[in-house]
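Engineer: Quick one: structure below, then a few questions.
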Amino acid sequence: MKEDVPGSVPCASLAVDSVLRLGTSGAIWGSCFGPYEATKLGLTGFARAAFVLRSAGRHGLSCGLFAAIFSFSHCSIQRYRQRKDLVNTFAAGAISGAAFGAGTGNWKQVAGITALFCTIFHLAKDSTSG
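Take any residue in the sequence shown, note its place counting from 1, add 198, and you have its number in this note's numbering.
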């Protein structure tokens with residue numbers, strides 16, 4: 199396996215940091231948004247508290263999982279290309295978005311977005327390879 203790009207932060211550190219930060223942000227978002235949804239559903243008492251906790255956990259897990267997929271993709275692409283540029287970031291975003299989009303079951307949307315990003319990356323690569 200190839201080594202990290204010289205002069206960059208180790209990928210393992212970035213992955214752990216991003217998962218913890220985004221997972222915590224998702225949990226905070228879920229704990230702020232959960233009471234609003236519980237009120238809309240008319241929940242009270244224990245049912246409301248359980249709903250808010252599930253909301254915090256669900257959002258925290260989703261954001262943490264997205265961060266993990268993004269970090270792994272970004273680091274893998276960076277190691278493969280041995281470059282540190284925006285193409286790595288955009289490609290990792292496309293991969294992460296496609297992975298989450300696949301969870302929705304809307305395959306036409308996933309295929310369309312993936313094709314769009316592949317076209318953009320191909321054009322970007324052709325424009326920079328002189």
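Don't be surprised by glycine CBs; every beta carbon is placed ideally from N, CA and C. These figures come from a predicted structure and were not determined experimentally.
Measuring straight from C-alpha to C-alpha, what distance separates Cys-230 and Gly-258?
Structural biologist: 12 angstroms
Engineer: Whole angstroms is fine: what's the gap from Ala-309's alpha carbon to Asn-286's?
Structural biologist: 20 angstroms
Engineer: To the nearest angstrom, report how far apart Leu-241 and Ala-254 are at their CA atoms.
Structural biologist: If you draw a straight line from the Cα of Leu-241 to the Cα of Ala-254, it is about 16 angstroms long.
Engineer: According to DSSP, is Asp-283 part of a helix, a strand, or is it coil?
Structural biologist: coil
Engineer: Please say whether Ser-271 and Glu-290 have beta carbons closer to each other than 8 angstroms?
Structural biologist: Before going further, note that residue 290 is Ala rather than Glu in the sequence given. With a cutoff of 8 angstroms on beta-carbon distance, Ala-290 and Ser-271 are scored as near each other.
Engineer: Any idea if Gly-303 is buried or exposed, counting beta-carbon neighbours within 10 angstroms, 16 or more meaning buried?
Structural biologist: Result: exposed.
Engineer: How long is the line joining the alpha carbons of Trp-227 and Leu-251, rounded to whole angstroms?
Structural biologist: 11 angstroms
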